[in-house]
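First the structure, in the form of structure tokens, and then the observations on it.
Protein chains in written order, with full-length UniProt numbering: chain A, 1 to 246; chain B, 1 to 246.
This is the structure in structure tokens:
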């Protein structure tokens with residue numbers, strides 16, 4: 001099933017794809033969706049970020065060989081960095097080089113704490129494409145990543161949430177201006193989605209709509225103002241965003 | 001002026017203290033408050049956290065001598081950690097020692113980016129008491145502070161927002177079970193409020209209701225389940241929270 005959020009003349013609405021159209025639903029987190037009536041053509045629908053997380057987390061060092069020898073580690077991202085498809089990633093060139101990072105994004109379904117592995121599937125609403133944009137030269141200046149990770153539009157999310165996806169081996173491709181700059185798979189993640197959520201919920205509570213960016217298995221590439229970044233995850237789709245200067 | 005949020009039978013409401021009662025207002029961030037009619041006695045009013053930040057930041061190493069020789073540094077906290085007065089700080093004893101940290105909390109009034117010093121006063125709605133609870137033994141295990149800072153109830157905030165306060169020299173007292181365990185002043189902060197907001201908004205956008213915990217000038221003390229932590233800031237009031245086990 002495919003869930004999204006679209007802009008309508010009455011404001012943002014959660015929607016579900018059915019019979020080729022986006023149908024408005026009451027609550028995308030409900031066990032059984034209630035369709036409220038209005039439907040929208042896919043062509044011309046203005047997609048927003050499919051979730052508005054209160055808590056947005058990214059996994060650190062989770063994609064290189066040897067990363068499994070390191071402890072799991074996560075960092076918080078500002079919820080204000082989340083944007084939808086086609087919204088601009090805003091680059092402040094004073095902060096140095098900026099890269100896009102194509103990642104599988106987990107969208108949480110319900111309040112969860114101290115998850116056991118067997119409880120993880122029911123805690124997940126679905127998966128979207130996440131782009132963990134990073135001003136990489138700031139990492140050495142600030143190990144808390146506050147300077148590197150929170151620029152405007154630094155977390156493109158979308159284009160929708162796919163609820164039926166096996167997260168274990170999802171091919172990821174990153175294109176800049178139409179040129180493929182990186183290809184990999186979630187199979188290369190050092191710690192998988194289940195292990196990540198068990199780890200995170202040992203330390204904090206996640207809730208409906210929260211998002212975990214699961215890590216970057218070398219799926220990154222540099223961008224500059226004027227570029228277009230596209231992340232494709234097989235089984236979900238393509239998330240495309242322009243890059244502009246601050 | 002004193003702004004708060006209270007629980008009513010119709011749900012949470014923003015309120016302003018006038019003539020000794022809490023009067024409901026339409027929008028606490030408006031330039032001129034609109035009073036919507038209902039008022040509530042101060043006695044018996046159930047105070048909530050006075051703001052629901054989308055972005056919650058804490059300042060690292062900002063209270064010890066020599067901290068001004070280090071670069072300004074901030075960390076994100078989960079917005080889900082915010083609680084109001086009398087709500088419990090929940091301690092997971094598996095994570096080791098937990099401390100409360102009494103701090104001046106800045107509440108942001110409007111969307112701001114790249115603030116100049118002269119723009120800072122108009123960007124601030126007011127000041128509350130913040131308690132930056134920390135599982136200190138986790139810091140050595142996770143320099144991103146995700147394991148240390150995000151427990152349930154780890155950011156008591158309140159009891160209200162005081163809009164008329166000079167943040168430069170606010171005495172802070174921390175009491176645990178009625179015993180004073182720390183006293184200091186915001187004068188001891190290495191980097192002041194204006195410098196903090198200029199720094200932060202170089203890297204990220206803040207918006208209405210966002211909160212910055214301005215740093216802990218040794219205003220901390222250990223707590224255990226069963227304790228009560230009280231933070232007093234002169235000119236604001238006292239924020240009191242019980243501590244319980246997970």
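All C-beta atoms in this analysis are idealised placements derived from N, C-alpha and C, irrespective of residue type, glycine included. Predicted model only: the values in this text are computed from it and were never measured.
- prompt: What are the uninterrupted segments assigned as alpha helix (DSSP H) that are 4 or more residues long and contained completely in the segment 75-155 of chain B, given in chain order?
  reply: 120-123, 146-149
query: Per DSSP, what kind of secondary structure is residue 179 of chain A in: helix, strand or coil?
result: For this step, residue 179 of chain A is matched to residue 179 along the first chain. Three-state result, residue 179 of chain A: strand.
query: Is there at least one Cβ from chain A nearer than 7 Å to residue 194 of chain B's Cβ?
result: Within the second chain, the letter at position 194 stands for residue 194 of chain B. No, residue 194 of chain B does not count as interfacial toward chain A.
task: Give the residues of chain A in contact with residue 147 of chain B, contact being defined as C-beta atoms less than 7 Å apart.
output: As a first step, residue 147 of chain B must be located in the second chain, where it is residue number 147. Neighbours of residue 147 of chain B on chain A, chain order: 203.
field: CA-to-CA distance, residue 200 of chain B to residue 189 of chain B, given in whole angstroms
entry: Here residue 189 of chain B refers to the residue found at position 189 when the second chain is read from its first residue. Here residue 200 of chain B refers to the residue found at position 200 when the second chain is read from its first residue. Answer to the nearest angstrom: the Cα atoms are 16 Å apart.
message: For residue 197 of chain B, which residues in the same chain have their Cβ closer than 6 Å to its Cβ, ignoring the five residues on either side in sequence?
response: Along the second chain, one-based indexing puts residue 197 of chain B at 197. Here the set comprises 115, 120.
message: Please return the same chain residues whose Cβ sits closer than 6 Å to the Cβ of residue 252 of chain B, not counting the five positions on each side in sequence.
response: Any property of residue 252 of chain B remains undetermined from this structure, which presents chain B solely from 1 to 246.
- request: Please decide whether residue 247 of chain A counts as near chain B, where near means a Cβ-Cβ distance under 7 Å.
  value: Here chain A comprises residues numbered 1 to 246, so residue 247 of chain A is not present and cannot be evaluated.
field: Between the CA atoms of residue 46 of chain A and residue 99 of chain B - distance to the nearest angstrom
entry: Your numbering for residue 99 of chain B matches position 99 in the second chain. Your numbering for residue 46 of chain A matches position 46 in the first chain. If you take the alpha carbons of residue 99 of chain B and residue 46 of chain A, they lie about 47 Å apart.
field: Supposed contact pair residue 128 of chain A and residue 105 of chain A - C-beta distance, whole angstroms, cut 8 Å
entry: Reading the first chain from its first residue, position 105 is the one you call residue 105 of chain A. Reading the first chain from its first residue, position 128 is the one you call residue 128 of chain A. Right, their Cβ atoms sit about 5 Å apart.
field: DSSP three-state assignment for residue 195 of chain A, whether helix, strand or coil
entry: If you number the first chain from 1, residue 195 of chain A lands on position 195. Residue 195 of chain A: helix per DSSP, three-state reduction.
field: Per DSSP, cross-strand counterpart(s) of residue 220 of chain B
entry: Here residue 220 of chain B refers to the residue found at position 220 when the second chain is read from its first residue. Looking at the DSSP assignment, residue 220 of chain B forms a beta bridge with B/101.
message: If distances are taken between C-alpha atoms only, which option among B/17, B/126, B/55 comes closest to residue 39 of chain B?
response: Along the second chain, one-based indexing puts residue 39 of chain B at 39. For the residues B/17, B/126, B/55, the minimum Cα distance to residue 39 of chain B belongs to B/17.
field: Closer than 9 Å at the beta carbon, the chain A residues around residue 116 of chain B
entry: As a first step, residue 116 of chain B must be located in the second chain, where it is residue number 116. Those do not exist, as residue 116 of chain B stays about 15 Å from chain A at its closest Cβ, beyond 9 Å.
message: For residue 79 of chain A, would you say it is in contact with chain B, using Cβ-to-Cβ distances shorter than 7 Å as the test?
response: Residue 79 of chain A sits at position 79 when you count from the first residue of the first chain. Closer than 7 Å: yes.
message: Cutting at 6 Å between CB atoms, please list the residues of its own chain near residue 154 of chain A, excluding the five before and the five after it.
response: If you number the first chain from 1, residue 154 of chain A lands on position 154. Same-chain partners within the cutoff: 81, 133.
- request: Determine the DSSP secondary structure at residue 164 of chain A, reduced to helix, strand or coil.
  value: The residue labelled residue 164 of chain A in the question sits at position 164 within the first chain. Note: residue 164 of chain A maps to coil in three-state DSSP.
field: For residue 79 of chain B and residue 108 of chain A, the rounded distance between their alpha carbons
entry: For this step, residue 108 of chain A is matched to residue 108 along the first chain. For this step, residue 79 of chain B is matched to residue 79 along the second chain. Roughly 16 Å between the two C-alpha positions.
message: Tell me which residue opens and which closes the beta strand (DSSP E) that residue 12 of chain A is part of.
response: In the first chain, residue 12 of chain A corresponds to position 12, counting from 1. Residue 12 of chain A -> beta strand (DSSP E) spans 11-18.
field: Which listed residue (B/217, B/191, B/146, B/179) has its alpha carbon closest to that of residue 228 of chain B
entry: Residue numbering aside, residue 228 of chain B sits at position 228 when the second chain is read from its first letter. Looking at the Cα atoms, B/179 is the closest of the given residues.
Inter-residue Cα distance where the pair is residue 95 of chain B and residue 211 of chain B: Here residue 95 of chain B corresponds to residue number 95 of the second chain, with the count starting at 1. Here residue 211 of chain B corresponds to residue number 211 of the second chain, with the count starting at 1. Cα-Cα distance, rounded: 26 Å.
query: In three-state DSSP terms, what is residue 31 of chain A?
result: Here residue 31 of chain A refers to the residue found at position 31 when the first chain is read from its first residue. Residue 31 of chain A: coil per DSSP, three-state reduction.
field: Contacts of residue 275 of chain A in chain B (Cβ-Cβ under 7 Å)
entry: With chain A covering 1 to 246 only, the question about residue 275 of chain A has no answer from this structure.
message: I want to verify the contact list: residues of chain B whose CB lies under 9 Å from the CB of residue 143 of chain A, in sequence order.
response: The residue given as residue 143 of chain A occupies position 143 in the first chain. Neighbours of residue 143 of chain A on chain B, chain order: 73, 143, 144.
task: Compile a chain-ordered list of the residues in the segment 36-55 of chain B whose CB is closer than 8 Å to at least one CB of chain A.
output: 54, 55
field: Rounded straight-line distance, which links the Cα of residue 242 of chain A to that of residue 19 of chain A
entry: For this step, residue 19 of chain A is matched to residue 19 along the first chain. For this step, residue 242 of chain A is matched to residue 242 along the first chain. Going from the Cα of residue 19 of chain A to the Cα of residue 242 of chain A covers about 30 Å.
message: Counting C-beta neighbours from all protein chains within 10 Å, is the total for residue 6 of chain B 16 or more, i.e. buried, or is it exposed?
response: As a position in the second chain, residue 6 of chain B is number 6, starting the count at 1. When all chains shown are included, residue 6 of chain B counts as buried.
task: Please name the residues in the segment 196-227 of chain B whose beta-carbon is closer than 7 Å to at least one beta-carbon of chain A, in chain order.
output: 203, 204, 205, 207
- request: Determine the direct distance from the alpha carbon of residue 67 of chain A to that of residue 165 of chain A, and round the result to whole angstroms.
  value: Here residue 165 of chain A refers to the residue found at position 165 when the first chain is read from its first residue. Here residue 67 of chain A refers to the residue found at position 67 when the first chain is read from its first residue. Going from the Cα of residue 165 of chain A to the Cα of residue 67 of chain A covers about 25 Å.
message: Please give the ranges of any beta strand (DSSP E) in the segment 37-71 of chain A, keeping only runs that are unbroken, at least 3 residues long and fully inside the region.
response: 46-48, 56-59
field: Between the CA atoms of residue 175 of chain B and residue 217 of chain B - distance to the nearest angstrom
entry: Sequence index remark: in the second chain, residue 217 of chain B carries index 217 (1-based). Sequence index remark: in the second chain, residue 175 of chain B carries index 175 (1-based). Their backbone Cα atoms lie some 15 Å apart in a straight line.
- request: Determine, using beta carbons only, whether residue 169 of chain B comes closer than 7 Å to chain A.
  value: Numbered from its first residue, the second chain carries residue 169 of chain B at position 169. With 7 Å as the cut-off, residue 169 of chain B does not count as an interface residue toward chain A.
Alpha-carbon to alpha-carbon, residue 225 of chain B and residue 202 of chain A: Locating residue 202 of chain A in the first chain gives position 202, where the first residue counts as 1. Locating residue 225 of chain B in the second chain gives position 225, where the first residue counts as 1. Their backbone Cα atoms lie some 18 Å apart in a straight line.
field: Bridge-paired residues (DSSP) for residue 158 of chain A
entry: For this step, residue 158 of chain A is matched to residue 158 along the first chain. Paired residues: A/129.
field: Local Cβ density within 10 Å of residue 34 of chain B, reported as buried at 16 or more and exposed below that
entry: As a working mapping, residue 34 of chain B is identified with position 34 in the second chain. Classification for residue 34 of chain B: exposed.
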